[in-house]
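Q: Numbering (our numbering), first residue to last: 1048 to 1412.
Positions of the beta carbon are idealized from the N, C-alpha and C atoms, including for glycine.
If you want it as structure tokens, here you go:
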């Protein structure tokens, strides 16, 4: 079990509200303790330099992040422009499957014959185009045409989270992304990279929503999803080749106005869709608070803290090929199993209630 640094005593944790410095003087109150001190959650807050700081108790870090968000809202006139409800970092409905779903794998879950999927993967880009043309939305088709046949900078349209490939050099074609070092290290082909870029675009809604029907109907994009799933697994080769490959890494997923079910806490659960996480606690909290206007008071935020113990349990860092690279997205494949570690805490600060659950992600090879 991990013990917190000795400088943070039980008394200090129980009286955090006394440590809040002016001008806010707001209370940070632990509204529930679900584990003994040795199991309480500690995280590293990013310093102004961008480097990670020392381990700190979770409520201290949450207070700093929340006060920073409140200051940003105040400077922008008291509210944010509303984010689209279905951004892939923001889960509106916590739906997880049985552990057996993860064990059986994506082929069984999609309810599509294996030979159909394998034939489509052998066909490659043409099969992805056919799926999106026949079953996707107009926006899906716009995104795919851009990814396959245009170059970065050719689509100035502003989506809910910005302009696709903003900040990248203009003129990059699909093959340029295939030739990038991460793609080469992972052995990705053009269909893999196209499918990943499509997932990071506005098309994520069409790809994710049918999966949360819990395998009840035939999935409409089986070839595209299979390339996404295979690419994420292969990209672990990039993690394995990096310094710190066997060091633990914390990732975050934010969910607005949700409670975690007792069954999930007891047995764990399977995330049906590709699971977008972020290395930025600030990004996760912003999405967990739901965007919108009217201030933050009264909101409830559920945060999953994913503890990946080594490269084999990490998702893929998609920033190198993402259509929105600034989101610092680390993506897990569909049917990732999440096992609660036993660390679970709840806090209230400034009228916002946080529940944080630490989970251990795993997915098959």
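Please name the residue or residues paired with residue 1186 in a DSSP beta bridge.
A: Residue 1186 pairs with nothing; no bridge assigned.
Q: Just to confirm, are residue 1154 and residue 1270 a CB contact at a threshold of 8 Å?
A: no
Q: Report the three-state DSSP secondary structure of residue 1409 (helix, strand or coil).
A: strand
Q: Measuring alpha carbon to alpha carbon, tell me which of 1203, 1368, 1404 ends up nearest residue 1227.
A: 1368
Q: When you compare each of 1397, 1380, 1288, 1230 to residue 1110 by their alpha carbons, which one comes out closest?
A: Among 1397, 1380, 1288, 1230, the Cα nearest to that of residue 1110 belongs to 1397.
Q: Identify the continuous alpha helix (DSSP H) that holds residue 1197 and give its terminal residues.
A: Taken as a continuous stretch (DSSP letters only), residue 1197 belongs to no alpha helix (DSSP H), as it is neither H nor E.
Q: Assuming contact is defined by CB atoms lying nearer than 8 Å, are residue 1361 and residue 1407 in contact in what I supplied?
A: no
Q: List the whole-angstrom C-beta distance separating residue 1348 from residue 1332, where the pair is believed to meet the contact cut-off of C-beta under 8 Å.
A: 7 Å
Q: Thinking C-alpha only, which one of 1180, 1149, 1380, 1222 is nearest residue 1365?
A: 1380
Q: Check whether the segment 1218–1234 and the segment 1191–1206 touch, using three or more Cβ-Cβ pairs below 8 Å as the test.
A: yes
Q: Looking at C-alpha atoms only, which residue of 1402, 1245, 1315 is the closest neighbour of residue 1088?
A: 1402
Q: Go ahead and pull the three-state DSSP assignment for residue 1154.
A: helix
Q: On a Cα-Cα basis, can you pick out the residue from 1287, 1182, 1300, 1195 that is closest to residue 1357?
A: Ranking 1287, 1182, 1300, 1195 by Cα distance to residue 1357 puts 1287 first.
Q: In terms of DSSP beta bridges, what is residue 1297 paired with?
A: 1354
Q: Touch check for the segment 1313–1330 and the segment 1290–1305: three-plus C-beta pairs under 8 Å?
A: yes
Q: Buried or exposed: residue 1185, going by 16 or more other Cβ atoms within 10 Å of its Cβ?
A: exposed
Q: Roughly how many angstroms separate the alpha carbons of residue 1372 and residue 1180, rounded to a whole number?
A: 26 Å
Q: So who's on the other strand from residue 1364, going by DSSP bridges?
A: 1377
Q: Closest to residue 1323 by C-alpha separation, out of 1210, 1188, 1247, 1242, would be which residue?
A: Taking only the C-alpha atoms, the option nearest residue 1323 is 1247.
Q: DSSP three-state call for residue 1268: helix, strand or coil?
A: coil
Q: Flag this pair as yes or no: are the beta carbons of residue 1319 and residue 1404 separated by less than 8 Å?
A: No, the Cβ-Cβ distance between residue 1319 and residue 1404 is not below 8 Å.
Q: Cβ atoms of residue 1187 and residue 1253: under 8 Å apart, would you say?
A: yes
Q: Is the beta carbon of residue 1233 less than 8 Å from the beta carbon of residue 1171?
A: no
Q: Which residue from 1195, 1241, 1370, 1259 puts its Cα closest to that of residue 1156?
A: 1259
Q: Whose C-beta lies closer than 7 Å to the C-beta of residue 1128 among residues of the same chain, with five residues either side of it excluded?
A: Note on residue 1128: pLDDT 41, under 50, position unreliable in the model; no value is reported.
Q: Whose C-alpha, out of 1176, 1207, 1263, 1284, is nearest the C-alpha of residue 1193?
A: 1176
Q: Taking the alpha carbon of residue 1280 as the reference point, which residue from 1108, 1412, 1107, 1114 has its own alpha carbon closest?
A: 1412
Q: For residue 1168, which three-state DSSP category applies?
A: helix
Q: So, are the CB atoms of residue 1235 and residue 1278 less than 8 Å apart?
A: Yes.
Q: For a quick check, are the C-beta atoms of residue 1264 and residue 1336 less than 8 Å apart?
A: no
Q: Is the separation between the beta-carbon of residue 1370 and that of residue 1161 shorter than 8 Å?
A: no
Q: In angstroms, rounded to a whole number, what distance separates the CA positions of residue 1385 and residue 1210?
A: 33 Å
Q: Can you look up residue 1383 in the DSSP assignment and give me helix, strand or coil?
A: strand
Q: How about residue 1377 and residue 1363: do their beta carbons lie closer than 8 Å?
A: yes
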